[in-house]
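To keep things clear, I will list the structure first and then write my remarks on it.
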Amino acid sequence: MSIGLLGNKIGMTQIFDDVGNIIPVTILKVGPCVVTDIKTKEKNGYNSIQIGYGNISKNKLSQAELGHLQKSNIHPLKYLKEFRILNPDCFNVGQLLLVDSLELGQRVNIQGKTVGKGFSGLQKRYNFTRGPMTHGSKNHRAPGSIGMGTTPGRVLPGKKMAGQLGNKMTTIQKLEVIQINLEENILIIKGSVPGKPGNLLTIVPSCSND
Numbered sequence: 001m002s003i004g005l006l007g008n009k010i011g012m013t014q015i016f017d018d019v020g021n022i023i024p025v026t027i028l029k030v031g032p033c034v035v036t037d038i039k040t041k042e043k044n045g046y047n048s049i050q051i052g053y054g055n056i057s058k059n060k061l062s063q064a065e066l067g068h069l070q071k072s073n074i075h076p077l078k079y080l081k082e083f084r085i086l087n088p089d090c091f092n093v094g095q096l097l098l099v100d101s102l103e104l105g106q107r108v109n110i111q112g113k114t115v116g117k118g119f120s121g122l123q124k125r126y127n128f129t130r131g132p133m134t135h136g137s138k139n140h141r142a143p144g145s146i147g148m149g150t151t152p153g154r155v156l157p158g159k160k161m162a163g164q165l166g167n168k169m170t171t172i173q174k175l176e177v178i179q180i181n182l183e184e185n186i187l188i189i190k191g192s193v194p195g196k197p198g199n200l201l202t203i204v205p206s207c208s209n210d
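Put into structure tokens, the structure is as follows:
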């Protein structure tokens, strides 16, 4: 995995290219991120970089979280995340990671938590077809049969049923970087990303730019 960045979703808008085509874009506030810990194969069994993002009051962190950051003389940070890398020698604890590590036209994978839609039925959650609404039908939005009878006499695991919709981690792959604002740490991405404005996102360069 490549070293990634953490950021927040600001919102969506549209811009025009040189030809006049409308491009739907998402605006992200990315970084600055701080390298908070470096793990090596000799000491920890694997190579990784831990980065932190989002300034926060020390009263909001536990003593263990504060001690971990104070050990490296780093101010309190709200979010911590690890990224597996091949060569940890290229990084130092306390190093700032900015949006300039990305390039125009580069493809990135963006991971975040989707919008939660609460407890939803089968029609909304899985696009099930409803039953007849007329001619005396009592089955409108009911789930119907959920399994066989005596054999096996139970509901098989993985059965699609009503339940919570959304509010889970998902990744959108190969989104194109349209613009980069180095002064404001703003990243403009073509297309949509998970979650509402303000949602925490992980931005990682794609393995392939195809």
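Sequence positions in the sequence shown follow our numbering and run 1 to 210.
Glycine is no exception: its CB is placed at the ideal position from the N, C-alpha and C atoms.
These numbers come from a predicted model, not from an experiment.
- Which residues in the same chain have their Cβ closer than 7 Å to the Cβ of Gly121, if we skip the five residues on either side of it in sequence? Arg141, Ala162
Problem set entry | Nearest residue (CA-CA) to Tyr79, options Leu156, Asn109, Val108, Val34 | Val34
*Expected contact under 8 Å - CB spacing of Arg107 and Ser206 to nearest Å*: 4 Å
Reduced DSSP secondary structure (H/G/I, E/B, other) of Arg84: strand
message = Per DSSP, what are the beta-bridge partners of Phe91 in this structure?
response = Paired residue(s): none; Phe91 is not in a bridge.
- Which residues bound the alpha helix (DSSP H) around Asn44? 41-44
Q. Using 8 Å as the Cβ pair cut-off and three pairs as the minimum, do the stretch 108-118 and the stretch 160-175 touch?
A. yes
Practice prompt. State the beta-bridge partners of Glu176 as determined by DSSP.
Written response: Arg107
Could you have a look at Lys117 and say whether DSSP puts it in helix, strand or coil? coil
Next on the checklist: Between which two residues does the alpha helix (DSSP H) holding Gly67 run?
Outcome noted: 63-70
Query raised in the report: For the putative contact between Val155 and Gly4, defined by C-beta atoms under 8 Å, what is the C-beta separation to the nearest angstrom?
Result: The pair is not a contact, with the Cβ atoms about 39 Å apart (cut-off 8 Å).
| said: Less than 8 Å between the C-beta atoms of Val25 and Thr13, yes or no? | reply: yes
Identify every residue that forms a DSSP beta bridge with Phe16.
Ile22
In or out: Gly195 buried (at least 16 other Cβ within 10 Å) or exposed? buried
Self-check item: Cα-Cα separation between Gly136 and Arg130, rounded to whole angstroms
Solution: 14 Å
Could you check the C-alpha separation between Ile146 and Arg125 for me, to the nearest Å?
16 Å
**Prompt:** Count the other CB atoms within 10 Å of the CB of Gly7; is the residue buried (16 or more) or exposed (fewer)?
**Reply:** buried
Quiz prompt | Beta-carbon contacts of Leu102 that lie in its chain and below 6 Å, excluding the five residues immediately before and after | solution = Val177
Q | Among Pro88, Leu28, Glu65, Asn21, nearest to Ile189 - alpha-carbon criterion | A | Leu28
* So who's on the other strand from Cys211, going by DSSP bridges? -> Nothing in the structure corresponds to residue 211, since the chain is present only between 1 and 210.
Do you know how far the Cα of Pro76 is from the Cα of Gly52?
9 Å
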